[in-house]
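Okay, so here's the structure we're looking at.
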Amino acid sequence: MNKVRVRYAPSPTGYLHIGGARSALFNYLYAKKCNGDFILRIEDTDIERNIPGADESQIKDLEWLGIYADESPYKPNEKYAPYRQTEKLDLYKKYAYELVERGLAYECYCSEEELAEMKENQLSNGVKSFKYDRHCLHLTKEEKQKYIDEGRKPSIRLKVEDNADLSFDDLVRGHVKFNSSDIGDFVILKSNGIPTYNFAVVIDDHIMEITHVLRGEEHLSNTPKQLEIYRYFGWEPPKFGHMTIIVNEKGKKLSKRDNNIIQFVSQYRELGYLPEAIINFLFLLGFTPKDNNNEIYSLKEQIETFNLEGLSTSPSMFDVSKLKWMNSQYIKLMDNEKYIKSISPFLDKIDYLKDKFTLTQRNELSLIFKQELNTLSDIKKEFDDIFIANDEFNQEENEILNKDSSKLILKTLANRIQNIETLNKESINSLFKEIQKELGLKGKDFYMPIRIKLTHKMHGIELYNIITILGKEETSKRLISGLIY
RNA sequence: GGCCUAUUGGAGAAGUGGCUUAACUCACAUGCCUUUCACGCAUGCAUUCAUGGGUUCGAAUCCCGUAUAGGUCACCA
Numbered sequence: 021m022n023k024v025r026v027r028y029a030p031s032p033t034g035y036l037h038i039g040g041a042r043s044a045l046f047n048y049l050y051a052k053k054c055n056g057d058f059i060l061r062i063e064d065t066d067i068e069r070n071i072p073g074a075d076e077s078q079i080k081d082l083e084w085l086g087i088y089a090d091e092s093p094y095k096p097n098e099k100y101a102p103y104r105q106t107e108k109l110d111l112y113k114k115y116a117y118e119l120v121e122r123g124l125a126y127e128c129y130c131s132e133e134e135l136a137e138m139k140e141n142q143l144s145n146g147v148k149s150f151k152y153d154r155h156c157l158h159l160t161k162e163e164k165q166k167y168i169d170e171g172r173k174p175s176i177r178l179k180v181e182d183n184a185d186l187s188f189d190d191l192v193r194g195h196v197k198f199n200s201s202d203i204g205d206f207v208i209l210k211s212n213g214i215p216t217y218n219f220a221v222v223i224d225d226h227i228m229e230i231t232h233v234l235r236g237e238e239h240l241s242n243t244p245k246q247l248e249i250y251r252y253f254g255w256e257p258p259k260f261g262h263m264t265i266i267v268n269e270k271g272k273k274l275s276k277r278d279n280n281i282i283q284f285v286s287q288y289r290e291l292g293y294l295p296e297a298i299i300n301f302l303f304l305l306g307f308t309p310k311d312n313n314n315e316i317y318s319l320k321e322q323i324e325t326f327n328l329e330g331l332s333t334s335p336s337m338f339d340v341s342k343l344k345w346m347n348s349q350y351i352k353l354m355d356n357e358k359y360i361k362s363i364s365p366f367l368d369k370i371d372y373l374k375d376k377f378t379l380t381q382r383n384e385l386s387l388i389f390k391q392e393l394n395t396l397s398d399i400k401k402e403f404d405d406i407f408i409a410n411d412e413f414n415q416e417e418n419e420i421l422n423k424d425s426s427k428l429i430l431k432t433l434a435n436r437i438q439n440i441e442t443l444n445k446e447s448i449n450s451l452f453k454e455i456q457k458e459l460g461l462k463g464k465d466f467y468m469p470i471r472i473k474l475t476h477k478m479h480g481i482e483l484y485n486i487i488t489i490l491g492k493e494e495t496s497k498r499l500i501s502g503l504i505y
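All residue numbers for the first sequence refer to the working numbering, where the first residue is 21 and numbers rise by one.
This is the structure we're talking about:
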């Protein structure tokens with residue numbers, strides 16, 4: 021049996037999309053599972069929408085996620101190169117005209133406006149689905165010349181046969197039936213000489229010896245068209261598998277314009293999601309492992325576990341809270357060294373940390389939050405809660421602060437804290453105990469006023485950490501500010 | 001509208017005719033732990049598998065119809 025070769029073929033029209041990442045992941049997993057190759061091909065035939073640098077950025081994001089291509093524009097295998105479609109335009113043209121010569125395709129001179137009019141007419145005449153009316157199928161030499169004289173350039177349409185069975189066995193959905201009569205003569209080469217998606221994919225997949233095509237369900241209805249092209253050339257098509265699409269909370273396909281859900285991998289990176297967590301989350305979206313008691317899978321384990329049978333057939337909703345949970349799991353799993361390294365860029369963005377703390381202190385402080393973070397960028401909020409104190413207290417907080425006992429605690433602590441040599445867990449806690457004993461107060465009654473006065477909040481991390489972070493002077497200052505004796 | 005696909009709790013889902021009084025995970029709720037929150041631990045959360053028929057001793061699981069949702073019908077990919 022031939023070596024398994026699968027591909028991920030993005031168009032360079034923007035950043036790596038979450039749906040694209042999942043597509044790439046499943047293809048990658050399947051390739052590695054079968055000891056095959058994972059190929060990255062750039063489908064840049066829509067020259068209007070191409071964005072310079074988009075392919076590099078997508079590859080970079082993919083690698084950040086841990087997905088490396090065996091072949092790509094930057095890592096070509098000469099046998100299959102080039103890996104960008106616009107670099108082999110002549111080839112597509114050659115194949116397209118080969119079909120024209122064999123009478124299986126024809127030139128079409130219809131303009132955009134004429135096509136639109138045709139469509140409208142058909143629809144208003146009760147036609148259910150638009151099909152090209154083959155206006156240009158039997159053009160005479162003279163008619164053609166007339167169009168050419170008008171300055172028109174032809175596109176090429178495939179002459180789709182009537183009533184041919186275009187069914188196939190889908191790797192994830194089983195047998196899917198299509199009939200060629202439902203498909204109109206579609207364009208394979210645009211009038212600008214660039215192939216359309218459906219044509220270029222077939223040529224490329226054939227030339228690159230792609231054995232399996234795993235793609236989104238939105239391509240299901242493209243498959244019969246591609247099958248028809250394979251048939252005309254007499255090539256053996258690859259095996260197709262159509263995966264479920266990812267939908268938003270409204271059940272609609274994630275579109276790039278959807279603002280409710282963050283769409284791009286780079287944005288997740290900026291928010292402090294870990295690549296392992298994203299990959300793991302995507303892995304479980306639309307796929308269920310056989311042994312499904314575990315939810316945490318490394319990339320290596322994903323390769324071992326993956327199989328086509330586990331792919332689901334109904335759409336999966338993108339659930340951010342589960343992603344967050346997954347991310348927090350991976351943060352907890354990291355050893356301290358790796359954690360500090362990962363969180364460092366986020367700490368750099370917090371100005372007051374830079375000013376007041378050494379790098380070592382800063383790193384130690386961040387460790388305090390390790391168990392609490394969902395995403396690494398949350399660290400900013402945690403520090404802000406401590407450093408950016410406002411002057412307002414709500415009613416509940418005021419009630420606690422106005423107790424005589426509370427005032428006593430605050431005053432006593434503000435004074436005694438000055439006598440401590442070095443602030444740390446032990447020294448602070450023993451001071452707490454000392455004062456508790458003297459005043460005969462403990463538990464919430466003792467700690468709450470301190471917490472409220474220091475952070476203006478009733479919840480947060482342990483107090484000795486807060487005091488360590490604030491330092492003696494700031495702690496005292498906050499404790500006695502506004503106190504009336 | 002045509003074609004295609006899907007339909008198990010708020011979300012991801014297991015389940016392929018009797019071990020299911022429907023796993024597991026997230027979310028949510030409650031309790032324990034803790035100076036508070038979080039973490040962790042424990043418990044609860046679908047008498048029911050879109051719906052109506054049928055097959056069967058027995059159906060979420062098989063068959064037929066209906067409904068709903070999604071995908072696609074481009075010189076976009």
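For each residue, glycine too, the CB sits at the ideal point set by N, CA and C. All figures in this text were calculated on a predicted structure; none of them were measured in a lab.
Per DSSP, the bridge partner or partners of S175 = C128
CB contact flag (Y35, S92, <8 Å) | no
Would you say S201 and H195 are within 8 Å of each other, going by their C-beta atoms?
-> no
Taking the Cβ atom as the reference point for each residue, do D57 and D90 lie within a distance shorter than 8 Å?
-> yes
In three-state DSSP terms, what is P30?
-> coil
Segment limits, alpha helix (DSSP H) that includes M468 = 464-475
6 Å Cβ shell around F46 - same chain, five flanking residues per side excluded | L234
Apply the 10 Å Cβ neighbour rule to T495 and answer buried if 16 or more other Cβ atoms are within range, or exposed otherwise.
-> buried
Leaving out the 5 sequence neighbours to the left and right, which residues in its chain are closer than 7 Å to I399 when beta-carbon positions are compared?
-> I363, F366, L367, S386, F389, L393
From the DSSP output, in three-state form, read off V207 for me.
-> strand
Is DSSP giving D225 helix, strand or coil here?
-> helix
Report buried or exposed for V207, applying the criterion of at least 16 other Cβ atoms within 10 angstroms of its Cβ.
-> buried
Might you give, ordered along the chain, the residues of its own chain that have their beta carbon closer than 6 Å to the beta carbon of Y505, omitting 5 neighbours on each side?
-> In this predicted model, Y505 has a pLDDT of only 42, less than 50, meaning its place in the structure is not dependable; the value taken from the coordinates is given anyway. There are no such residues.
Whose C-alpha, out of L119, D185, I429, I223, is nearest the C-alpha of K179?
-> L119
Return helix, strand or coil for R61, following the three-state DSSP convention.
-> coil
Could you name the residues of the same chain whose beta carbon sits closer than 6 Å to that of K197, not counting the 5 residues immediately before and after it, in chain order?
-> S187
Can you check DSSP and say which residues form a bridge with P215?
-> L209
Environment of Y94 [buried if 16+ CB atoms lie within 10 Å] = exposed
Backbone CA spacing between K457 and I448 [nearest angstrom] = 14 Å
How close, in whole Å, do the beta carbons of T395 and N347 come, if the pair is a contact with beta carbons under 8 Å?
-> 6 Å
Measure the alpha-carbon distance for Y252 versus I282 and round it to whole angstroms.
-> 42 Å
Span of the beta strand (DSSP E) around L319 | First-last for L319: 319-325, but that is the alpha helix (DSSP H), not the beta strand (DSSP E).
Mind checking G241: buried by the 16 CB within 10 Å criterion, or exposed?
-> The residue asked about is misnamed: residue 241 is Ser in this sequence, not Gly. It counts as exposed.
CB-CB under 8 Å to H226, same chain, minus the five flanking residues each way: which ones, in chain order?
-> Y250, F253, W255
Quickly, what does DSSP pair E494 with across the bridge? List them, please.
-> E494 pairs with nothing; no bridge assigned.
Would you say E68 and P30 are within 8 Å of each other, going by their C-beta atoms?
-> no
Give the single residue among H158, E132, Y100, K151 whose Cα lies nearest to the Cα of L124.
-> H158
Reduced DSSP secondary structure (H/G/I, E/B, other) of F307 = strand
Through-space distance from I489 to R498, alpha-carbon basis | 13 Å
CA nearest to the CA of G491, picked from A434, K99, K453, K401 = A434
Beta-carbon proximity list for H155, same chain, < 7 Å, skipping 5 on both sides | C130
Assigned secondary structure, L234 (DSSP; H/G/I helix, E/B strand, else coil) | strand
Between which two residues does the alpha helix (DSSP H) carrying F403 extend?
-> 398-407
Neighbourhood of R104 by C-beta distance below 7 Å, restricted to the same chain and skipping five residues each side | I62, D64, P93
How about the stretch 291-299 and the stretch 341-356: do they share at least three Cβ pairs that are nearer than 8 Å?
-> yes
With DSSP collapsed to three states, give me the class of L85.
-> coil
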